[in-house]
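Novice: For reference, the structure I am asking about is given below.
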Amino acid sequence: MGTGRRGFSLVEVVIAVGVFATAIVTMLALLPALVRQAAGTGDALAAQGLPDAIHLELERMAAGGFDQLAAAIPIMSAPLQNGLQLVAARDGVRVQAESYGPAADPIAPAEQFFAAEVWRFDRAPLRYDPAGALMPLFVRVSWPFRLPGVGAPTALADRSQFTFTLVILR
Amino acid sequence: MTPCRESRGFTLLELLMAAAITVLLAALMLSVTTAALRTWHRAQDSSAMARQAKLALDLLQRDLQSGIRRHDGLGNTWLAADIIDHPAALASHGWLGTARMKPDAGASIRLVPAPGDGAPRIVDARFGLSGVWLRLLAATTDTTSDAGVPHAISYQLARRPVSGPVSAGNLAAVRYTLFRTSLGGAETFANGNNLTAAAYAALANPSTSADPLATNVVDFGVWLYLRDGSGALRRIFPTDNADLSHVAADAETEDDAHRYPDAADVMVRILTNEGVRLLDAMERPTGALARPATYSNDAAWWWGIVEANSRVFARRVEITGGGA
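Listed in order, the protein sequences are those of chains U and E. Heads up: the first sequence runs through residues 130 to 299, numbered per our numbering. Heads up: the second sequence runs through residues 5 to 328, numbered per our numbering.
Next up, the structure:
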């Protein structure tokens with residue numbers, strides 16, 4: 130028992146400090162995740178509110194020619210890429226085609242926070258039929274598309290995203 | 005290390021060292037814990053606001069999407085939006101007024117903000133003292149018993165105690181709340197299809213117990229659009245900062261001011277917890293705070309607090325319902 134009353138050994142002290150440091154580091158590491166999550170809630174909400182606005186913009190694009198729009202929208206392939214692109218502002222309200230059909234009030238590049246890509250389906254029953262009255266489309270919304278002060282769009286792998294299906298009528 | 009030396013106790017130096025290290029560790033822990041707590045509260049606050057906004061916007065979207073109109077040739081109002089910018093007119097809407105509250109008489113009017121870079125954005129807009137009072141007839145799925153039957157629905161803001169009577173004597177906390185009043189199918193059927201008729205007076209004053217949709221909503225606004233031949237959206241309400249009312253009647257030949265919209269932008273401005281606290285202190289009638297010198301008037305002060313401590317949520321909604 131003589132050794133027990135002598136105080137702590139170096140190993141004990143190191144372990145104690147190690148445990149303490151681990152606790153502190155864990156707490157500190159949680160902070161950025163919390164902040165990110167808090168900031169992301171509003172953006173995710175805005176993104177989930179976009180389908181109506183996207184539908185309205187696609188109908189505007191179709192007003193200039195339904196078959197021309199169909200021709201401009203690629204057929205989906207695996208992996209999904211090169212869809213017809215739309216962009217939306219962070220407020221979750223304004224959506225416009227990135228290059229198809231000129232928009233009256235273009236969204237400045239720095240404001241293009243959301244991207245929406247659109248594809249046609251590759252097989253029946255959702256494949257586009259030029260004789261039909263409707264065009265089913267597959268849409269992927271992803272964000273952040275462009276961040277203020279950064280020239281190039283964010284890589285797709287670094288964006289949050291969700292997908293949905295919509296139909297526009299001739 | 006003789007036994008006698010061990011039982012001697014600690015020296016003053018050892019004690020001081022131990023105390024210093026303990027204080028250091030405690031300070032470190034305290035600062036880490038405080039920072040974590042503050043972040044946690046902010047995160048909770050932010051997700052609570054987003055949840056409230058989602059609830060309100062989802063309901064608005066559902067109601068607008070199932071909006072009803074008919075060309076029955078009777079001049080009925082199927083949808084109406086009004087901005088009431090004077091406190092006296094809001095007494096019948098169950099507002100509890102006070103000297104310092106949301107600014108009125110034009111001081112909160114910015115219906116169509118000046119475009120900064122590109123088109124004007126609804127998230128920058130201010131909708132007057134009352135916000136927009138929106139009424140529409142919609143085939144909602146509110147209840148299972150009369151789902152799909154037309155209901156008269158009203159959305160509006162009111163500043164009033166969160167419970168009990170709307171009176172200055174009520175000690176309950178006073179809050180800005182977004183209300184959604186939905187009359188039942190039977191009542192709507194009996195009242196008819198004209199939302200601006202006297203029969204619908206009940207839509208003006210929401211129930212404190214049954215109708216609150218989201219609390220701490222200090223502004224609620226709507227922009228209404230028509231779709232023209234090229235598919236582009238044209239805003240028909242508000243057309244400018246003086247356009248305080250839109251009454252959508254049923255005739256096909258009406259001008260823009262009376263047309264039923266094809267799409268709408270809706271927005272809610274929700275206060276953070278800090279904003280609620282600051283506004284509460286500012287609006288309290290007794291022992292009122294002195295206005296900081298940085299603000300030239302109370303209106304600038306009110307909006308200064310609100311803009312710094314609130315968040316705007318918006319959504320564009322397609323009004324697909326309606327019909328012939």
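Cβ atoms here follow ideal geometry from the backbone N, Cα and C, with glycine treated the same way. The structure presented is a predicted model; accordingly, all values stated were derived computationally and were not measured.
Since residue 297 of chain U is in the beta strand (DSSP E), which residue starts that stretch and which ends it?
Specialist: Element bounds for residue 297 of chain U: 289-298.
Novice: Assess, as a yes-or-no matter, whether the segment 281-291 of chain U is touched by the segment 169-176 of chain U under the definition of 3 or more beta carbon pairs within less than 8 Å.
Specialist: By the Cβ rule, the segment 169-176 of chain U counts as touching the segment 281-291 of chain U, because three or more pairs are nearer than 8 Å.
Novice: According to DSSP, which residues form a beta bridge with residue 162 of chain E?
Specialist: E:181
Novice: Measuring CB atoms only, is the segment 87-106 of chain E touching the segment 160-172 of chain E, in the sense that at least three cross pairs come out at less than 8 Å?
Specialist: yes
Novice: Residues of the segment 49-65 of chain E in Cβ contact with chain U at a cutoff of 9 Å, in chain order, please.
Specialist: Of all residues in the segment 49-65 of chain E, only 49, 50, 51, 53, 54, 55, 57, 58, 61, 62 and 65 come within less than 9 Å of chain U when Cβ atoms are compared, listed by chain position.
Novice: Going along the chain, which residues of the segment 169-180 of chain U sit with their C-beta nearer than 7 Å to a C-beta in chain E?
Specialist: 170, 171, 174 and 178
Novice: DSSP three-state label for residue 44 of chain E, please.
Specialist: helix
Novice: By alpha-carbon positions, which one of U:250, U:140 and U:189 ends up nearest to residue 207 of chain U?
Specialist: When each option's Cα is compared against that of residue 207 of chain U, the closest is U:250.
Novice: Taking only beta-carbon atoms, is residue 193 of chain U less than 9 Å away from chain E?
Specialist: yes
Novice: With DSSP collapsed to three states, give me the class of residue 14 of chain E.
Specialist: coil
Novice: Buried or exposed: which applies to residue 166 of chain U, given that a residue is buried once 16 or more other Cβ atoms fall within 10 Å of its Cβ?
Specialist: With a 10 Å radius around the Cβ and a threshold of 16 neighbouring Cβ atoms, residue 166 of chain U comes out exposed.
Novice: Could you name the residues of the segment 213-225 of chain U whose beta carbon sits closer than 8 Å to any beta carbon of chain E, in the order they occur along the chain?
Specialist: 218, 220, 221, 222, 223 and 224
Novice: Would you verify that the beta carbon of residue 306 of chain E is, or is not, closer than 9 Å to some beta carbon of chain U?
Specialist: no
Novice: Name, please, each residue of chain E whose Cβ falls closer than 8 Å to the Cβ of residue 188 of chain U.
Specialist: 231 and 235
Novice: List the endpoints of the continuous alpha helix (DSSP H) containing residue 287 of chain E.
Specialist: 277-287
Novice: For chain U, check one thing: does any of its Cβ atoms lie closer than 9 Å to the Cβ of residue 193 of chain E?
Specialist: no
Novice: So, is residue 141 of chain U buried or exposed, given that buried needs 16 or more other C-beta atoms within 10 angstroms?
Specialist: exposed
Novice: Could you give the distance in angstroms between the alpha-carbon of residue 73 of chain E and the alpha-carbon of residue 214 of chain U?
Specialist: 35 Å
Novice: Can you list the beta strand (DSSP E) stretches of 3 or more residues lying completely in the segment 170-227 of chain E, in chain order?
Specialist: 178-186 and 216-219
Novice: On the criterion of 16 or more Cβ atoms from any shown chain inside 10 Å, does residue 317 of chain E qualify as buried, or is it exposed?
Specialist: buried
Novice: Please report the residue range of the beta strand (DSSP E) in which residue 248 of chain U lies.
Specialist: 241-249
Novice: Who are the neighbours of residue 166 of chain U on chain E, taking C-beta pairs under 7 Å?
Specialist: 47
Novice: At a CB-CB cut-off below 7 Å, which residues of chain U make contact with residue 43 of chain E?
Specialist: Within 7 Å Cβ-Cβ: 160, 163 and 164.
Novice: For residue 262 of chain U and chain B, any beta-carbon pair shorter than 9 Å?
Specialist: Checking the listed chains, one finds no chain B in this structure; the protein chains it contains are U and E.
Novice: Using the C-alpha atoms, what's the distance from residue 151 of chain U back to residue 184 of chain E?
Specialist: 50 Å
Novice: Do the CB positions of residue 264 of chain E and residue 83 of chain E come within less than 9 Å of each other?
Specialist: yes
Novice: Output yes or no for whether 9 Å exceeds the beta carbon distance between residue 138 of chain E and residue 218 of chain E.
Specialist: no
Novice: Alpha carbon to alpha carbon, how far is residue 305 of chain E from residue 245 of chain E? Give it in angstroms, no decimals.
Specialist: 21 Å
Novice: Indicate whether the contact test is met: 3 or more Cβ pairs, each with one atom in the segment 34-48 of chain E and one in the segment 289-302 of chain E, closer than 8 Å.
Specialist: no
Novice: Can you tell me whether residue 14 of chain E is buried or exposed? The criterion is at least 16 other CB atoms within 10 Å of its CB, across all chains shown.
Specialist: exposed
Novice: To the nearest angstrom, how far is the alpha carbon of residue 159 of chain E from that of residue 26 of chain E?
Specialist: 58 Å
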